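Take a look at the structure below.
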Amino acid sequence: MIQVLSKEFNSFLNSLIAYVVIGVFLIAMGLLMWVFPETSVLEYGYADMETLFRLGPYVLIFLIPAITMRSFAEEKKAGTIELLITKPLSDWDIILGKFLACFLLVCCALLPTIIYYVSVYKLGASPGNIDTPGVIGSYIGLVLLGAVFCAVGILASSLTRNQIVAFIIAAFLCFILFSGFESLSALNVWSANALLIKQLGLVEHYQSLGRGLIDSRDVIFFGTVILVMLSLTKLNLSIRQW
Amino acid sequence: MSLQIQHLSKVYGKQKALNEISFSVETGEIVGFLGPNGAGKSTTMKIATCFLPPTSGVVKVGGFDVLEHPKEIKKITGYLPEHNPLYLDLYVHEYLSFIGKLYGLGGSALRKRVGEMVELCGLTREQNKRIEALSKGYRQRVGLAQALIHDPQVLILDEPTSGLDPNQLLEIRKLIREISRNKTVIFSTHIMQEVQALCNRVVVINRGNIVADDQVDNLLKGAVDQKFVIVEFENEVATTLLSGIPGVVSVNEVKAFTYRLGTAPGADIRPEVFRFAADNNLSLVGLRQEESKLEDIFQILTSQNPVQH
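The listed protein sequences correspond, in order, to chains A and B.
Quick note: the first sequence uses my numbering, first residue 5, plus one each step.
Quick note: the second sequence uses my numbering, first residue 165, plus one each step.
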């Protein structure tokens, strides 16, 4: 698994993918947080990083499928999947290696945003005005969200040989999982169950973590979604054996 | 380490790619797997390397069953897939190190082994390039290098010489011959000269069925019903006169003054022809036995209409 992870990550660094993704993410977040008046912290006047955590997921829904779309689709297209499978590697080694490589890249994109935290901290009316536990919780939520999106992206990539289709399926699935359930719960048909529907979606748990209290239910929810997505990928690879 | 295939069948949807084929390869044997395109060669190899499951039948590599112990099989097998898929964005060294690590090699042993493979496969001048910058012949060598890097006991090569130019062909064949000592090797091809040059034994497959499984020499002797002798004279000789030579079954004039004499298999009529020429005062300019070609045998075994002479 380590070898697959290392090879995938080096492939990202050797091609433009890593730099474009990290660059676009940071430029987009930077502009949103500091430049554009509707969302800028400086205009808003309150010492929090709400913009990053509110808009970040939507930027990730767009960018993470771009990272993961080639993970299985390209291997199938180039035929190198045959090479991987006939080596003494288990299917999980391959899946986890690719998943963790994408996740590592996402973490590399998120890491520089710590500068925003330091900036807001220093800019506060009294320095340190910011709700630090909230920020920590939000970061944990964002990182877990990134992991879920990576898992969805890996699954989507394993479903097709066409990278564009993999991208679209991944982006669509990520969007549904993130805000689809919330929108669904707003319909008038559920009566008492509306809250239940809402809790099936990621945004509910993401916002819950953002309050600063790390509820194990939220973390387990994220973990379960990741596990389900990767297990479906394993199932897809195993179907070959039936 | 050996390869055993027993009553192997493979069905793709409605198409039966392999129809209960059985054969085996012992340690130290080099077996050529011959057959027209679409016969089932690649399918058999993909099953033996645990890439695809069999529909029915038993395949054992080194004593391990492909369905029960695939990981063991993958450790002892070196596989060069059809179309030689490679990670084009990696450098040659990088790629070979990656593959070596997958087989559990590491550290200085890995570095040494990569160096050995680069030298063995003639990649010394190309070793610092990306694989996408290599020509087809060199890519094929990289493919071979990755199949050999862990010194496997069983080598399964799917068309190892496809797309190579004549010089590279000779080099790769030499390479295969060198590395095949004490290993079980099966390689597929549809180049007859390769089979004659490299293997002791050949298995011929057509449309999912084994049509021949024999030593190369036996196959060459057995399948044709006539042997031919080409005789050339200085002047024209009447074909009726030539038919009179004992043992001659048919006479055909192929070129000016050159005749093709058909005889029963197993008979060598060259001494008779020489005596005939001497008795009749004819100037004999050329006399040779026509080698029955494996191409003809291949055509006979794998087509509906045997080749007509």
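Idealized CB from N, CA, C, for every residue including glycine.
Remember, it's a predicted structure, so these values are computed and weren't measured experimentally.
> Measuring CA to CA, which of P435/B, T422/B, K385/B and V368/B is closest to G204/B?
Replying inline: Closest by alpha carbon: V368/B.
> Just the Cα atoms here: how many angstroms apart are L100/A and V366/B?
Replying inline: When rounded, the distance between both Cα atoms is 42 Å.
> Along chain A, which residues have their Cβ under 9 Å away from the Cβ of D315/B?
Replying inline: Those do not exist, as D315/B stays about 14 Å from chain A at its closest Cβ, beyond 9 Å.
> At a Cβ threshold of 8 Å, is S19/A touching chain B?
Replying inline: The beta-carbon of S19/A is placed less than 8 Å from the nearest beta-carbon of chain B.
>> Can you check whether the C-beta of K11/A is within less than 8 Å of a C-beta belonging to chain B?
In response: Among the residues facing chain B, K11/A is included, as its CB has a counterpart in that chain under 8 Å away.
> Three-state secondary structure (DSSP) at S183/A?
Replying inline: In the structure shown, S183/A adopts helical secondary structure according to DSSP, grouped into three states.
> Around the C-beta of K238/B, are 16 or more other C-beta atoms found within 10 angstroms, so that it is buried, or is it exposed?
Replying inline: So K238/B counts as buried.
> Of the choices R452/B, E246/B and N445/B, whose alpha-carbon is the least far from that of G83/A?
Replying inline: Of R452/B, E246/B and N445/B, the residue nearest in Cα terms is E246/B.
>> Mapping the DSSP letters down to three states, classify K370/B as helix, strand or coil.
In response: Looking at the sequence itself, residue 370/B is Asn, so the reference to Lys does not match. If DSSP states are grouped into helix, strand and coil, N370/B belongs with the strands.
> Do you know offhand how far E184/B's Cα is from R74/A's?
Replying inline: In this structure, the CA atom of E184/B is about 38 Å from the CA atom of R74/A.
>> Please tell me whether L241/A has its Cβ less than 8 Å away from any Cβ of chain B.
In response: The beta carbon of L241/A does not come within 8 Å of any beta carbon belonging to chain B, so the residue lies off that interface.
> Do T466/B and V375/B have their C-beta atoms within less than 8 Å of each other?
Replying inline: The answer is yes: Cβ separation under 8 Å.
> Can you tell me the Cα-Cα spacing of V359/B and F29/A, whole angstroms?
Replying inline: C-alpha of V359/B to C-alpha of F29/A: approximately 57 Å in a straight line.
> Is the CB-CB distance between E454/B and I409/B below 8 Å?
Replying inline: Contact flag unset, no.
>> Taking CB distances under 8 Å as the criterion, tell me whether H247/B reaches chain A.
In response: It does; some Cβ of chain A falls within 8 Å.
>> I'd like the list of long-range same chain contacts for L254/B, defined as Cβ closer than 8 Å, with 5 residues on each side in sequence excluded.
In response: Taken in chain order, the residues that qualify are F262, R294 and I295.
>> Suppose you measure from the CA of L333/B to the CA of C178/A; what does that come to, to the nearest Å?
In response: Roughly 51 Å separates the two Cα atoms.
>> Please state whether the Cβ-Cβ distance between L181/A and L206/A is less than 8 Å.
In response: For L181/A and L206/A, yes; Cβs fall inside 8 Å.
> Taking a cut of 8 Å between CB atoms, which residues from the segment 209-222 of chain B lie near chain A?
Replying inline: Listed by position along the chain: K210, T213, C214, F215, L216 and P217.
> Counting only runs that start and end within the segment 187-249 of chain B, where is the beta strand (DSSP E) found for 3 or more residues in a row?
Replying inline: Under the rule that a run must span 3 or more residues, the beta strand (DSSP E) segments found entirely inside the segment 187-249 of chain B read 194-198, 220-225 and 241-244.
>> Once DSSP output is grouped into helix, strand and coil, what is the label at D460/B?
In response: Here D460/B sits in helix by DSSP.
>> Give me the DSSP bridge partner(s) of A376/B.
In response: Partner(s): V368/B.
>> I'd like the list of long-range same chain contacts for G301/B, defined as Cβ closer than 7 Å, with 5 residues on each side in sequence excluded.
In response: The beta carbon of G301/B sits closer than 7 Å to those of L328, D329 and Q332, all from its chain and outside the five residues before and after it, given in chain order.
> Going by Cα to Cα distance, which pick from A175/A, Q167/A and R215/A is closest to E79/A?
Replying inline: For the residues A175/A, Q167/A and R215/A, the minimum Cα distance to E79/A belongs to Q167/A.
>> Strictly under 8 Å for the Cβ-Cβ distance: is D253/B near chain A by that measure?
In response: With its beta carbon less than 8 Å from one in chain A, D253/B belongs to the interface.
> So, helix, strand or coil for I313/B, using DSSP?
Replying inline: In the structure shown, I313/B falls within a coil segment according to DSSP collapsed to helix, strand and coil.
>> So, at 6 Å on beta carbons, what are the nonlocal neighbours of F16/A in its own chain, with the 5 sequence-adjacent residues on each side left out?
In response: The answer, listed in chain order, is A22 and L109.
> So is E280/A in contact with chain B if we call contact Cβ pairs under 8 Å?
Replying inline: Shown here, chain A extends from 5 to 246; a query on residue 280/A therefore has no answer.
> What's the call for R345/B, buried or exposed, on a 16-neighbour Cβ count within 10 Å?
Replying inline: Classification of R345/B: exposed, given that the 10 Å Cβ count is below 16.
> List, in order along the chain, the chain A residues whose C-beta lies closer than 7 Å to that of Y243/B?
Replying inline: What Y243/B touches in chain A: T90.
>> Contact criterion: CB-CB distance below 8 Å. Does E42/A meet it with respect to chain B?
In response: Closer than 8 Å to the CB of E42/A there is not a single CB belonging to chain B.
>> Quick check on L9/A: does DSSP put it in helix, strand or coil?
In response: The answer is helix: DSSP assigns L9/A an H, G or I state.
> In chain order, what residues of the same chain lie with their CB nearer than 6 Å to the CB of E459/B, ignoring the 5 residues before and after it?
Replying inline: Closer than 6 Å at the Cβ level, and outside the excluded window around E459/B, lie M356.
>> Residues of chain B with CB closer than 8 Å to the CB of T84/A, please, in chain order.
In response: P249, L250 and Y251, listed in chain order.
> What are the boundary residues of the beta strand (DSSP E) that F397/B is part of?
Replying inline: F397/B -> beta strand (DSSP E) spans K391 to F397.
> Got a sec? Which residues, its chain only, sit under 6 Å from M233/A by beta carbon, not counting five neighbours each side?
Replying inline: So the qualifying residues of the chain are A155, V156 and L159.
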